[in-house]
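Student: Residue numbers (this note's numbering): 7 to 444.
Structure below; questions to follow.
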């Protein structure tokens, strides 16, 4: 028989994990909009691509610049010799050799370095545009998830009301009070409410999955907080000119900087026909078994040999390089035209976004008024039903119309929010707006 003191011990060990490891739900914190954006900028796959592009551009710049530094190589050229010792890959057979070379004067290389520097700057500008894209995608997913979660209870209430109305209509039809056609209308109202439930719950599931992919958080742990979404700025009565907005757009700046880089590359291809000067040196320890003593007496042969000098090159005739330079000129012209096209596209996008915001603002006012009228009709119909001047189907139709107007108002409001967030991205104000979130 076990001692009685083992019972308190078992109770203690049973309760100990509850104190040491509290449940996740009790300690879990809601995901704020600001935190979601921060996580997306660090964990989303697109953010990893941005980092890789920046690293590649920086490595390309350092690769071009470091050609002015000596490239040192240590090795040996061991081999047997029959007759006069011929060279192995351009060097005499040796036990040990050291070679070094670097560029001294190379005008083409200078332009290649300038092109790489401009391309690195263009990559940073392109990264800023991609960063804004990640922020916009995260903000839209977060805001829409807040909206749909708020609509779930409403659509369930709509379904319950429609189901209750259907039961009453079925009873009245069975009693011969109402037309059997009303039964189909009641079933239609229930089916519509069920469709809205499926739409809301499906949207919540999809948006949670999207936020999970963007932030790296488990899908089940994502709890959004509607209070963390700051209010959108007021719509200006005189919006900024689209051309002015396009001038500061990261995508336009990227295209222009890329065109500058292409111009440097084209000039570098032309300067490949210019003279160049390179530093070169070599040191080698020769072996006696390579027949050196048969051709050089002992007092002339030296095992340790070194050469230091400058290699000059004067290109005289190279039609292939001229054709390559002409192709580079065409690439530079194309890049400049693409920059102009990008600016025109951004200007058009800004203009469309501004018009869309104005139109959706007007549509929101209309949908809100229609919903208010539908609410008033519901109240008036209920009064008429109580006084006996209206039937129960009239009240059901009034409620159905009110639910439909409410859904339409919510959809219009969501479309307006999307348009305004898209406009904030185009004007470069989106990231600053997210930083105002609590």
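Just so you know, even glycine gets a beta-carbon here, dropped at the ideal spot from N, CA and C.
These numbers were taken from a predicted model, which means no experiment stands behind them.
From which residue to which residue does the alpha helix (DSSP H) around residue 379 run?
Tutor: For the purposes of this step, residue 379 is taken as the residue at position 373 of the chain shown. Start and end: 325-393.
Student: Leaving out five residues on either side along the sequence, give the residues of the same chain with a beta carbon under 7 Å from the beta carbon of residue 381.
Tutor: Counted from its first residue, the chain shown places residue 381 at position 375. Contacts found: 408.
Student: Looking at C-alpha atoms only, which residue of 130, 180, 146 is the closest neighbour of residue 238?
Tutor: Here residue 238 refers to the residue found at position 232 when the chain shown is read from its first residue. Among 130, 180, 146, the Cα nearest to that of residue 238 is on 146.
Student: Could you tell me which residues DSSP puts in a beta bridge with residue 284?
Tutor: The residue labelled residue 284 in the question sits at position 278 within the chain shown. According to DSSP, which records beta bridges pairwise, residue 284 is partnered with 109, 317.
Student: The alpha helix (DSSP H) that contains residue 61, what's its start and end?
Tutor: Translated into positions along the chain shown, residue 61 becomes position 55. Run containing residue 61: 51-71, per the alpha helix (DSSP H) assignment.
Student: Which of the three DSSP states is assigned to residue 312 in this structure?
Tutor: The residue you call residue 312 lines up with position 306 of the chain shown. It is a strand residue.
Student: Give me the DSSP bridge partner(s) of residue 290.
Tutor: The residue given as residue 290 occupies position 284 in the chain shown. Looking at the DSSP assignment, residue 290 forms a beta bridge with 103, 311.
Student: Taking the alpha helix (DSSP H) that residue 201 belongs to, which residues open and close that run?
Tutor: The count along the chain shown starts at 1 and reaches residue 201 at position 195. Taken as a continuous stretch (DSSP letters only), the alpha helix (DSSP H) holding residue 201 covers 187-221.
Student: Assuming residue 164 and residue 202 make a contact with CB atoms under 8 Å, what is their CB distance in whole Å?
Tutor: To locate residue 164, count along the chain shown from 1; it is residue 158. To locate residue 202, count along the chain shown from 1; it is residue 196. Indeed, because the Cβ distance is near 7 Å, the residues count as touching under 8 Å.
Student: Suppose contacts are defined by Cβ-Cβ distances below 9 Å. Is residue 271 in contact with residue 338 by that definition?
Tutor: Your numbering for residue 271 matches position 265 in the chain shown. Your numbering for residue 338 matches position 332 in the chain shown. The answer is yes: Cβ separation under 9 Å.
Student: Near residue 131, which residues of its chain fall below 7 Å by C-beta distance, leaving aside the five closest residues on each side in sequence?
Tutor: Taking the chain shown and counting its residues from 1, the one referred to as residue 131 is at position 125. So the qualifying residues of the chain are 256, 259, 260, 263.
Student: When you compare each of 158, 295, 273 to residue 413 by their alpha carbons, which one comes out closest?
Tutor: Your numbering for residue 413 matches position 407 in the chain shown. Residue 158 holds the alpha-carbon nearest to the alpha-carbon of residue 413 among 158, 295, 273.
Student: Going by C-alpha distance, which of 331, 374, 49 is nearest residue 410?
Tutor: As a first step, residue 410 is located in the chain shown; it is residue number 404 there, counting from the start. Nearest option by C-alpha distance: 374.
Student: State buried or exposed for residue 405, treating a residue as buried only when at least 16 other CB atoms are found within 10 Å of its CB.
Tutor: Within the chain shown, residue 405 is the residue found at index 399, counting from 1. The residue is buried, with at least 16 neighbouring Cβ atoms inside 10 Å.
Student: Between which two residues does the beta strand (DSSP E) carrying residue 452 extend?
Tutor: Since the displayed the chain opens at 7 and closes at 444, residue 452 lies outside it and no answer follows.
Student: Please classify residue 235: does DSSP put it in a helix, a strand, or coil?
Tutor: Your numbering for residue 235 matches position 229 in the chain shown. Residue 235: coil per DSSP, three-state reduction.
Student: So, are the CB atoms of residue 274 and residue 114 less than 9 Å apart?
Tutor: Along the chain shown, read from residue 1 onward, the residue named residue 274 stands at position 268. Along the chain shown, read from residue 1 onward, the residue named residue 114 stands at position 108. Closer than 9 Å, so yes.
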